[in-house]
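Residue 1 is where the sequence shown starts when you use the UniProt record's numbering, and the numbers rise one by one after that.
We put the CB at the ideal spot given by N, CA and C, even for glycine.
Read the structure below first, then the notes.
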Amino acid sequence: MQNNLGLTEEAARYGVESWAVVLDKMTPQQIQQPIIKPPTTISRNQQPIVESTHPKPTEISQARQIDYTNLESLLQAQNFRAADEETCQVMLAVANREREGWLRTEDVEKFPCKELSSIDQLWVKYSKGKFGISVQQQIYQSLKMDKNNRDVWRSMGERVGWGWRGGWLGRTNWLDYNNFNFSQTAPSGHLPVARGGWWGPGNWERERVFVVSLLSRHAECNT
1 MQNNLGLTEE AARYGVESWA VVLDKMTPQQ IQQPIIKPPT TISRNQQPIV ESTHPKPTEI
61 SQARQIDYTN LESLLQAQNF RAADEETCQV MLAVANRERE GWLRTEDVEK FPCKELSSID
121 QLWVKYSKGK FGISVQQQIY QSLKMDKNNR DVWRSMGERV GWGWRGGWLG RTNWLDYNNF
181 NFSQTAPSGH LPVARGGWWG PGNWERERVF VVSLLSRHAE CNT
């Protein structure tokens with residue numbers, strides 16, 4: 001008699017007996033159950049993990065290389081007015097705001113620490129420690145810096161030579177940009193103001209917001 005595979009009953013029995021002999025000689029360790037791994041499933045609500053390529057929201061994304069050659073040359077030549085105006089252009093380039101020609105408060109608050117440090121170091125180096133954002137920040141900090149305290153701001157302005165007390169009702173008179181002292185005889189922290197025309201003459205309230213935000217950003221970058 002043959003089964004469905006075409007084997008005689010004797011041949012089939014021989015095959016079973018042969019496998020029985022083989023299994024009888026194998027150790028328990030050699031006889032293992034097949035390892036079946038469960039299929040990988042993703043929950044309907046589970047999102048794949050993808051590393052974000054977006055910049056941190058606390059800092060402006062710096063996609064291009066900033067050239068400081070011109071700024072350094074002007075500072076080295078002690079041409080402080082041109083260097084101040086160049087500082088303005090460099091900051092606009094960093095924030096990608098060259099077309100607008102002015103910086104928003106959020107641009108200053110997220111200004112890249114690396115670029116801020118580069119600008120500051122050049123000013124400090126070529127003024128022999130007299131000018132620079134870090135110099136201004138130290139003066140402001142000594143006055144117990146407070147963004148919302150206009151008395152502190154006025155004291156700051158008088159300390160670095162941007163204005164003087166003595167106006168009507170004791171108000172501070174602020175310098176026009178053309179009357180700044182662009183020389184080494186200026187008070188410490190007098191420069192940079194990076195004000196070369198982006199706020200317009202006499203708009204010291206906007207300048208206050210800009211400078212205070214910039215000095216606060218410098219403090220954050222160095223904590």
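Residue span of the beta strand (DSSP E) that contains residue 173, given as start and end: 172–174
Pair within 8 Å by beta-carbon distance, residue 90 and residue 71: yes
N- and C-terminal bounds of the alpha helix (DSSP H) containing residue 123: 113–126
Own chain residues within Cβ distance below 7 Å of residue 157, not counting five before or after: 163, 172 and 174
Coarse secondary structure for residue 76, derived from DSSP in three states: helix
N- and C-terminal bounds of the alpha helix (DSSP H) containing residue 153: Judged by DSSP secondary structure, residue 153 falls within the alpha helix (DSSP H) whose first and last residues are 150–160.
Coarse secondary structure for residue 206, derived from DSSP in three states: helix
Helix, strand or coil at residue 54 according to DSSP, with G and I counted as helix: Its pLDDT being 37, under 50, residue 54 is placed unreliably in this model, and the value from its coordinates should be taken loosely. It is coil, neither helix nor strand.
Cβ pair count under 8 Å reaching 3, the region 99–119 against the region 204–223: yes
DSSP three-state assignment for residue 99, whether helix, strand or coil: Coil at residue 99, not helix or strand.
Distance between residue 86 and residue 134 (C-alpha atoms, nearest Å): 18 Å
Straight-line Cα distance separating residue 211 from residue 109: Rounded to whole angstroms, residue 109 to residue 211 spans 11 Å at the Cα level.
Classification of residue 207 by the beta-carbon crowding that lies within 10 angstroms, buried from 16 upward: buried
Contacting residues, own chain, Cβ-Cβ under 6 Å from residue 214 (five flanking each side not counted): 108
Residue 165, DSSP secondary structure in three states: strand
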